[in-house]
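Notes follow the structure.
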Amino acid sequence: MLSAKLSDNKYFCGDKPCSLDALIFGYLAPLLKTPLPNDRLQLHLSATPNLVRFVESILSIYMPLNDKILREQKISKPIWQKRKENARRLMEEGRVEKEMRRNEKEQSRPDSTLHRTLFFGIACLTTTILFALHTGIIVVEKVQIKEKKEVIGGGSEEKDK
């Protein structure tokens with residue numbers, strides 16, 4: 001979208017830079033110039049030549065580099081590339097470790113879904129029964145049972161308990 005807005009112009013709002021150009025440069029220059037562990041965004045930005053030209057133009061006009069700095073950059077570039085590769089490798093190792101931990105957790109608790117399902121079913125059944133009791137759908141009555149006791153005199157006698 002920025003690339004389409006800039007098109008073939010030198011700046012976004014005319015022939016002179018404005019605060020919008022400074023803001024966009026502030027976002028794009030670090031993305032384009034600093035080494036990142038994941039370079040997808042840099043590759044996407046590099047695919048838009050007019051934005052790269054925009055950043056390079058502002059850098060060359062307002063932040064020119066002298067020969068000493070250019071030599072230092074050439075010397076330090078392999079070091080930064082090595083750091084970038086190390087960071088990328090560490091990031092990949094971290095992903096592998098996280099995936100291994102996740103697999104171990106899944107293997108250590110294989111019945112967790114069964115437990116959850118059973119707990120949910122029991123909880124539903126309990127709340128349904130309590131609701132039915134509370135609203136009077138199910139009524140529990142006390143029933144007295146009469147026992148027969150034999151009396152030595154030959155007959156039987158009924159007693160209430």
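So in full-length UniProt numbering the end of the sequence shown lands on 161, straight run, no missing numbers.
We put the beta carbon where it would ideally sit given N, CA and C, even for glycine.
In the pairwise beta carbon analysis, the stretch 35-50 is classified as touching the stretch 76-93: at least three pairs are separated by under 8 Å.
Here DSSP, grouped into helix, strand and coil, assigns E147 to strand.
Secondary structure at G14: strand, using DSSP grouped into helix, strand and coil. T135 and R116 have their C-alpha atoms some 28 Å from each other. In the DSSP annotation of this structure, the continuous segment of the alpha helix (DSSP H) that includes N50 starts and ends at P49 to Y62. Leaving aside the five residues that flank I24 on each side, the residues in its chain whose CB is nearer than 7 Å to its CB run, in chain order, L2 and F12. By the Cβ-count criterion, L20 is exposed, with fewer than 16 other Cβ atoms from all chains shown falling within 10 Å of its own Cβ. Inter-residue distance for S57 and K105 is about 53 Å (C-alpha atoms, whole angstroms). By the Cβ criterion, the stretch 43-63 is in contact with the stretch 4-18, since at least three pairs of Cβ atoms, one from each stretch, lie closer than 8 Å. Here DSSP, grouped into helix, strand and coil, assigns E141 to coil. Nearest Cα to K77 within the set K33, R101 and N66: K33.
Ranking I61, A29 and N86 by CA distance to the CA of S46 puts A29 first.
For the pair R102 and R95, the Cα-to-Cα distance works out to about 11 Å.
With a threshold of 16 other beta carbon atoms within 10 Å, P17 meets it and is buried.
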